[in-house]
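2 protein chains.
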Amino acid sequence: MIELRHAGKKFRQGTRQIQALRDVTLVIKKGEFLSIMGPSGSGKSTLLNLMGGLDQPTEGEVFLDGRPLHGITDNEVTLLRRRHIGYVFQFFNLLPLLTAAENVGLPLLLDGLPFSQVKPRACALLRQVGLAERTEHRPDQLSGGEMQRVAIARALIANPAVLLADEPTGNLDSHTSEEIFLLLKSLNNQGQTIVMVTHDPKAAAYGSRIVTLKDGAPAQDISIGEH
Amino acid sequence: MIELRHAGKKFRQGTRQIQALRDVTLVIKKGEFLSIMGPSGSGKSTLLNLMGGLDQPTEGEVFLDGRPLHGITDNEVTLLRRRHIGYVFQFFNLLPLLTAAENVGLPLLLDGLPFSQVKPRACALLRQVGLAERTEHRPDQLSGGEMQRVAIARALIANPAVLLADEPTGNLDSHTSEEIFLLLKSLNNQGQTIVMVTHDPKAAAYGSRIVTLKDGAPAQDISIGEH
Ligand SMILES: Nc1ncnc2c1ncn2[C@@H]1O[C@H](COP(=O)(O)OP(=O)(O)OP(=O)(O)O)[C@@H](O)[C@H]1O
Ligand SMILES: Nc1ncnc2c1ncn2[C@@H]1O[C@H](COP(=O)(O)OP(=O)(O)OP(=O)(O)O)[C@@H](O)[C@H]1O
Ligand SMILES: [Mg+2]
Ligand SMILES: [Mg+2]
Chain D
224 MIELRHAGKK FRQGTRQIQA LRDVTLVIKK GEFLSIMGPS GSGKSTLLNL MGGLDQPTEG
284 EVFLDGRPLH GITDNEVTLL RRRHIGYVFQ FFNLLPLLTA AENVGLPLLL DGLPFSQVKP
344 RACALLRQVG LAERTEHRPD QLSGGEMQRV AIARALIANP AVLLADEPTG NLDSHTSEEI
404 FLLLKSLNNQ GQTIVMVTHD PKAAAYGSRI VTLKDGAPAQ DISIGEH
Chain P
224 MIELRHAGKK FRQGTRQIQA LRDVTLVIKK GEFLSIMGPS GSGKSTLLNL MGGLDQPTEG
284 EVFLDGRPLH GITDNEVTLL RRRHIGYVFQ FFNLLPLLTA AENVGLPLLL DGLPFSQVKP
344 RACALLRQVG LAERTEHRPD QLSGGEMQRV AIARALIANP AVLLADEPTG NLDSHTSEEI
404 FLLLKSLNNQ GQTIVMVTHD PKAAAYGSRI VTLKDGAPAQ DISIGEH
């Protein structure tokens with residue numbers, strides 16, 4: 224489903240080079256629920272961005288369903304991404320002038336569906352993440368954890384083949400987090416492939432596998448029982 | 224030090240009213256280390272904003288060192304705030320065109336000190352939060368947890384009487400979080416008053432008292448041993 228071969232990412236900073244990711248070789252099978260953990264700055268968001276085609280590797284290769292994500296045009300990446308990937312950004316990236324329902328519905332609106340057809344599905348997803356009462360709020364009228372849940376609902380609305388989630392519960396209390404993990408677990412049971420970056424060991428326990436990064440490279444790769 | 228008397232906050236949303244905070248009466252003594260916990264949307268950020276004069280109550284009163292924060296002009300609030308309060312926002316609010324060191328030094332620069340005098344102190348604080356190697360990076364060249372730590376350092380640079388921190392470790396792994404809590408604990412031991420919103424029970428254990436909000440009102444107020 225997603226494959227990286229000796230993928231790396233260098234950033235230039237002034238006169239220095241920062242090797243954010245180094246030599247990552249990783250295969251994520253269809254239906255897997257992978258958690259990526261590791262210290263702050265260890266390369267987790269960078270890795271997720273490469274998987275989602277949001278950034279290009281500076282070394283090595285990245286494939287989505289056998290098709291290369293590296294070295295293709297922006298337009299090609301955008302099309303692949305919209306059809307296949309739901310992305311929850313570490314800082315949500317909601318559009319400030321749209322309501323929660325409009326933000327959630329955006330991927331389908333961009334695909335040409337009318338809002339009258341999209342809104343019921345957007346509201347159903349918002350209900351699933353506990354925000355039935357907040358559908359008409361704009362981002363500046365929402366709490367941090369409410370914005371985060373809007374972003375999660377938005378990532379799910381187009382039934383993407385892969386869900387990539389960067390710290391989806393960083394702003395949520397343990398009770399609300401648990402509701403989100405149960406939702407993700409049930410989606411995974413129905414076949415949804417999920418890659419989740421998290422700092423929360425309890426979160427990682429919901430998945431089937433944990434990869435831990437250290438200084439830009441995988442240091443540990445553990446499969447969790449019960450298959 | 225900080226006192227709220229029957230303080231409340233209503234938001235208008237379309238035709239509805241949202242009572243984000245209701246009837247909060249609370250005293251925070253000098254030198255206290257208070258944690259505020261509660262579910263997503265329970266009013267924690269709203270409460271912290273009232274304490275820091277970033278928002279005005281719609282009912283009741285808020286005092287900082289005996290002086291009212293409610294019902295005074297914006298200029299008066301800004302002056303009080305700059306002299307007395309260090310604020311870590313839930314979403315950092317760093318200036319994108321400034322480096323980490325410049326962002327940290329900003330409160331002192333705004334007070335008229337030259338950067339040549341400010342920079343050594345800013346870099347020392349960045350070292351304390353583990354970012355000695357990131358002083359010249361701009362926010363878009365930093366990871367989520369690195370941006371969060373820059374915001375923490377910025378809140379501390381002017382030696383404020385009160386530190387108000389909204390989820391200061393939401394984007395940090397447990398090891399880095401622990402380093403931040405030990406830093407806050409040692410500042411508190413030296414007399415720093417701290418009010419911290421957190422979802423992390425381990426975090427709350429570093430303080431001397433935990434107030435838990437539920438639907439906009441304090442539901443529990445527990446003092447933790449060892450004084
Ligand atoms: N400008 C606004 N207009 C309408 N409702 C608002 C506004 N700002 C906040 N709210 C609502 O007030 C409630 C409290 O918000 P607040 O940001 O204080 O919650 P919180 O406890 O910090 O949540 P979180 O843990 O998710 O950050 C939320 O339900 C939110 O939807
Ligand atoms: N554009 C950039 N220029 C220079 N360095 C960068 C850039 N973007 C990221 N970095 C650096 O690359 C490293 C990895 O960043 P990344 O965002 O992947 O970390 P992370 O594991 O997601 O951290 P966190 O848990 O704090 O979110 C960080 O040390 C960061 O400073
Ligand atoms: Mg990150
Ligand atoms: Mg909040």
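Heads up: the sequence lines are chains D and P, in that order.
Sequential numbering from 224 applies to the first sequence in the numbering used here.
Sequential numbering from 224 applies to the second sequence in the numbering used here.
Ideal placement from N, C-alpha and C gives every residue a C-beta, glycine not left out.
- Distance from the C-beta of residue 314 of chain D to the nearest heavy atom of ligand 2 is not below 7 Å.
- The three-state secondary structure of residue 422 of chain D, taken from DSSP, is coil.
- When the five nearest sequence neighbours on each side are left out, the beta carbons in the same chain lying within less than 6 Å of the beta carbon of residue 358 of chain D are those of 323, 324, 346 and 349, in order along the chain.
- Residues of chain P with a Cβ closer than 8 Å to the Cβ of residue 395 of chain D are, in chain order, 263 and 422.
- Within chain P, 262 and 263 have C-beta atoms less than 7 Å from the C-beta of residue 399 of chain D, given in sequence order.
- Looking from the CA of residue 438 of chain D, the closest CA among P:334, P:375, P:446 and P:366 belongs to P:366.
- Under the Cβ criterion of 8 Å, residue 268 of chain P is counted among the residues facing chain D.
- Proximity of the beta carbon of residue 393 of chain D to ligand 4 is not indicated: no heavy atom of the ligand is located closer than 7 Å.
- Counting only runs of 3+ residues, the beta strand (DSSP E) found wholly inside the segment 304–381 of chain P occupies 308–311, in chain order.
- Residue 431 of chain D is positioned such that its CB atom lies closer than 8 Å to that of residue 446 of chain D.
- Taking a cut-off of 8 Å for Cβ pairs, the segment 297–304 of chain P and the segment 257–269 of chain P do not touch, as fewer than three such pairs fall below it.
- Neighbours of residue 364 of chain P in chain D, taken as residues whose beta carbon is under 9 Å from its own, are 234, 236 and 241 in chain order.
- For residue 427 of chain P, the closest C-alpha among the options P:231, P:237, P:442 and P:261 is that of P:261.
- Measuring C-alpha to C-alpha distances from residue 311 of chain P to each of P:417, P:360 and P:282 identifies P:417 as the nearest.
- Taking 7 Å as the upper bound on Cβ-Cβ separation, chain P lies near residues 359 and 360 of the segment 345–363 of chain D.
- Distance from the CA of residue 372 of chain D to the CA of residue 362 of chain D, rounded to the nearest whole angstrom, comes to 11 Å.
- Taking 8 Å as the cut-off, the Cβ atoms of residue 422 of chain D and residue 402 of chain D do not count as close.
- Beta-bridge annotation (DSSP): residue 437 of chain D is paired with D:440.
- Interface annotation, residue 390 of chain D: in contact with chain P, CB-CB separation under 8 Å.
- A Cβ of chain D is located within less than 8 Å of the beta carbon of residue 313 of chain P.
- If you draw a straight line from the Cα of residue 413 of chain P to the Cα of residue 252 of chain P, it comes to about 15 Å.
- Contact of residue 368 of chain P with chain D is assigned, a C-beta pair being separated by under 8 Å.
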